[in-house]
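Residue numbers (numbering that gives the first Met the number 0), protein chains in the order written: chain P, 0 to 208; chain B, 0 to 220; chain L, 0 to 53; chain D, 0 to 254.
Each remark here refers to the structure printed beneath this line.
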Amino acid sequence: MPIIKATDVSCQRGQFTLFEPVSFTLAEGQSLLISGANGIGKTTLLESIAGLRSIQLGNIEYKSIDLLKSKDQWFDDSFFIGHKTGNKKELNCLENLRSFLQIQGIDVSEKQAEDALDKVGLAGYEYQFAGSLSAGQKKRLALARLTLIKHTVWILDEPFVNLDVAGCDWLLKLLNQHIDNKGILIITAHDNPSIRKKITHELVLEMQR
Amino acid sequence: MKPFLSLVKRDLTLGLRKKSQIYQPLVFQLLVVTMFPLGLGSGAKTLALIAPAVIWILALLASLLTLDQIFKNDYDDGSVESYVLTSYPLSMAVMAKVLAHWLLTGLPLVLFAPVLGVLLHLPSSSYGVLMLSLLIGTPIFSFIGSIGSALTMSLKHGGLLLTVLVMPLLAPVLIFGAGAVVESALGNSASQHLLLLSGMLVLSFTLVPFASAAAIKINLE
Amino acid sequence: MNEFLNMGGYAVYVWSSFGVFFVAMFIDFFGLRSKEKIIKRNIKSMIKRKTNSK
Amino acid sequence: MKKQRTNAIVTLYHKLGSPPSFYRISGYFLKWLLLISIALTCWGLYDGLVLAPADYQQGDSFRIIYVHVPAAWMSMFIYAVMGIAAIIAIIWRMKVAEAVMIASAPIGAWFTFLALVTGSLWGKPMWGTWWEWDARMTSELILLFLYIGIMATYGAFSEDARKAARMAALVAVVGLVNLPIIHFSVKWWSSIHQGTTVSLTGESHITWEMLRPLLYMAFATKFYYGYSMLKRARLYLLETESQKKWAHTVITENK
């Protein structure tokens, strides 16, 4: 039974329609890889699905209700990590992780946050300010949120960017685990053969004629 | 309520770590207020006459220095997205941001006002009204400013646009705020002015969060 | 005629009021025309680009 | 019978709501609006400058009323139209409302500017000063600032006209809510701070001969607004829908 159903969805930048309308359906344990050339609108589409932007063309249904009407339900069940990580450079890793989730209404104890940092390989960086981290470490800090949430739908924009080999392996394992637990994954990624293996659906965006 | 408090707490932590946001407006006020006797002459009578207006205008200008920061940083690092992508209403997040901004920048202005009063020979009887009027008025600055900040957050140089947008809307606040201090300096009751000022605060409290939330949503498109 | 132009001694104020009014309307009117030309020109060139690429 | 009528209204609403038919329908009116406006202006000018008698207190300087008052009326009328269009644009995301909203701003700003300048030119011979901080002039000045803010917001987001228009619409709505507060507070403020009371016309009452040209001019400005606004709105629609077929047909058939 499809949980997410998108029909003829496309996005606009200014007055230009970005890509040919796309349709897809996703059920439990399925995953979608969105690919396409640079500037084709992968991020815009992902942000529209996440609910940051309104869907200008086509429509998306979540559990058979139009996303425009079931926003609260959708926001409670979906989790988005975009290009901008949302980390504050004046806060340390622990504070960043906890405050980000608490603002979204997810309670995280200090112990849980420390464990999460351990898992993403940021053990020993608990009290380091996010501003002093490397790009890859900042990404890990953002991805650490995934180990603390219970949302069924993960929407990730280029999660592998800036990660080293070990980081990629860890993330891959986490994503596989999520899919095995009947989670849903929507992701954009530049050619990454190992993610392709697990992906059930792929969407290649094409230029609007 | 918990997300609201977490957001206020996080912003206060941020503000107290950066500090410049807190003391720079005060330094600015002090610098400008020094220019008045230099330009006008140090006559106590002249200064006392313009003191209420000058202090209020300085409060307005000093808040303008920090208003764009209400949402600008959050937009740049992506935190704004996390306020939108929850089932908690965005207007609550706006309210939290405004409260934190006021505590960090508005409250210091209220507490600093007597210093300016002394420098401008404000009659001693009107200090109470001065602080009370600013206590009611500066939150309105933060509220109205949040609309301007939400509208300009994605712009690189939105400061001037924010000023153009916010200043006309704050004219009534200035009229009644400075008016209250003038009345008390003349020995009259300022209660009417303060009441109207409070009315405006209640109005912005009820309406502005929705306007700012709408601005954020349009701006993210 | 002279009397009419003199406007009872208020010529400067009356004629400059009417002058500024109509100058403003003319600027609006002709500014709008040139804007129309530019927009239509741009769309025309876009149509050309599209037909060429087909 | 009744049902049919509501259906007609509904279809009209839908037709005006769709950019191509709005473009087509407004096209019929444009020429007539401009012609009527020019005719009324000529008529009004002749009537106001030649036929109307001079005011017995203000002499011929009162003739400034024929540009000042219409401009002042339009400055408020246009804000009202713009504010309503802005509300529709934000709530129902109607493209035509966006177009009407953003098309109104520059014309409103022009009329506000003109009301201020002609008021100043009238004030000098009457009050002996170019500028008086009285309630009406101060509110008018703040109104000009609001118009400027709306236009500046639209200009700041020029890379995406629709987003820019919706942002500007939000500013317009916020301004609309604030206008009564600004108006009331300024009025109240000037009643306290006014040292010398300014009375403009004293007891001189306006006769029909004097009023008639004013009405001509008031309608002339309304019709010109109709023309300029529709034309701007059409251009906005053409620009934001320049990818669509109808826009291409319009251009190639040069309508």
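Think of the CB as a built atom: it goes at the ideal place given N, C-alpha and C, for glycine as much as any other residue.
Query, Result
"Burial state of Ser198 (chain D), where buried means 16 or more other Cβ atoms lie within 10 Å", "Low per-residue confidence applies at Ser198 (chain D): pLDDT is 49, beneath 50, and the placement is therefore not dependable enough to give any value."
"Coarse secondary structure for His67 (chain D), derived from DSSP in three states", "helix"
"Sub-8 Å separation of Glu240 (chain D) and Leu50 (chain D) beta-carbons", "no"
"Rounded Cβ spacing between Leu204 (chain P) and Val21 (chain P) (contact assumed at less than 8 Å)", "7 Å"
"Test: Gly194 (chain D) CB closer than 8 Å to a CB of chain B", "Below a pLDDT of 50, predicted positions are generally treated as unreliable, and Gly194 (chain D), at 47, falls in that range; no measurement from the model is reported."
"Boundaries (first-last residue) of the beta strand (DSSP E) holding Val203 (chain P)", "200 to 203"
"Rounded separation between Phe27 (chain B) and Ala58 (chain B) - CA only", "10 Å"
"Under the three-state DSSP convention, the category Arg92 (chain D) falls into", "coil"
"Residues of its chain near Leu39 (chain D), where Cβ-Cβ distance is below 6 Å and the 5 sequence neighbours each way are ignored", "Tyr215, Phe218, Ala219"
"Below-8 Å beta-carbon distance, Thr111 (chain D) vs any chain B residue", "no"
"Start-to-end residues for the beta strand (DSSP E) that takes in Ile54 (chain P)", "From DSSP, Ile54 (chain P) is part of no beta strand (DSSP E); its letter is neither H nor E."
"CA-to-CA distance, Glu27 (chain P) to Thr10 (chain D), given in whole angstroms", "44 Å"
"Lys4 (chain P) beta carbon less than 8 Å from that of Thr187 (chain P)", "no"
"Proximity of Ile135 (chain B) and Leu168 (chain B) at Cβ, strictly below 8 Å", "no"
"Those residues which DSSP pairs with Tyr226 (chain D) across a bridge", "Tyr226 (chain D) is not bridged to any residue."
"Nearest residue (CA-CA) to Lys178 (chain P), options P:Leu25, P:Glu89, P:Gly81, P:Leu56", "The sequence shown places Ile at residue 178 (chain P), not Lys. Of P:Leu25, P:Glu89, P:Gly81, P:Leu56, the residue nearest in Cα terms is P:Leu25."
"Member of B:Val79, B:Leu118, B:Leu110, B:Ser123 whose CA lies at the smallest distance from the CA of Ala95 (chain B)", "B:Val79"
"Range of the contiguous beta strand (DSSP E) that encloses Trp153 (chain P)", "152 to 156"
"Own chain, CB closer than 6 Å to Val170 (chain D), minus 5 neighbours either side, in chain order", "Gly148, Ile149, Thr152"
"CA-to-CA distance, Ile185 (chain P) to Arg32 (chain L), given in whole angstroms", "49 Å"
"is_contact[Thr42 (chain P), chain D] using C-beta, thresh 8 Å", "no"
"Chain D within 8 Å of Gly13 (chain P), Cβ atoms only", "yes"
"Limits of the alpha helix (DSSP H) - the one that Leu145 (chain P) falls within", "That residue, Leu145 (chain P), is in no alpha helix (DSSP H); it is neither H nor E in DSSP."
"Residues near Arg135 (chain D) in its chain [Cβ-Cβ closer than 7 Å; skip 5 each side]", "none"
"Spatial distance of Ala7 (chain D) from Ile89 (chain D) (CA atoms)", "25 Å"
"Euclidean distance between Cα positions of Leu143 (chain D) and Leu115 (chain D)", "9 Å"
"Close Cβ partners of Leu160 (chain B) (< 6 Å) along its chain, the five nearest in sequence each way excluded", "Thr151"
"From P:Phe15, P:Tyr126, P:Asp168, residue whose alpha carbon lies closest to that of Glu113 (chain P)", "P:Tyr126"
"Limits of the beta strand (DSSP E) - the one that Val21 (chain P) falls within", "21 to 25"
"Cβ shell of Asp65 (chain P) (< 8 Å), same chain only, five flanking positions each side left out", "Asn58, Ile59"
"Per-residue burial, Ser188 (chain B) [other beta carbons within 10 Å of its own, 16 or more giving buried]", "exposed"
"Integer-rounded CB distance, given that Ala170 (chain B) should sit under 8 Å from Ile181 (chain D)", "6 Å"
"Reduced DSSP secondary structure (H/G/I, E/B, other) of Leu31 (chain P)", "strand"
"Straight-line Cα distance separating Leu66 (chain B) from Ser141 (chain B)", "7 Å"
"One or two residues paired with Phe79 (chain P) in a DSSP bridge", "P:Ile154"
"Gly16 (chain D) vs Met93 (chain D) beta-carbon contact at 8 Å", "yes"
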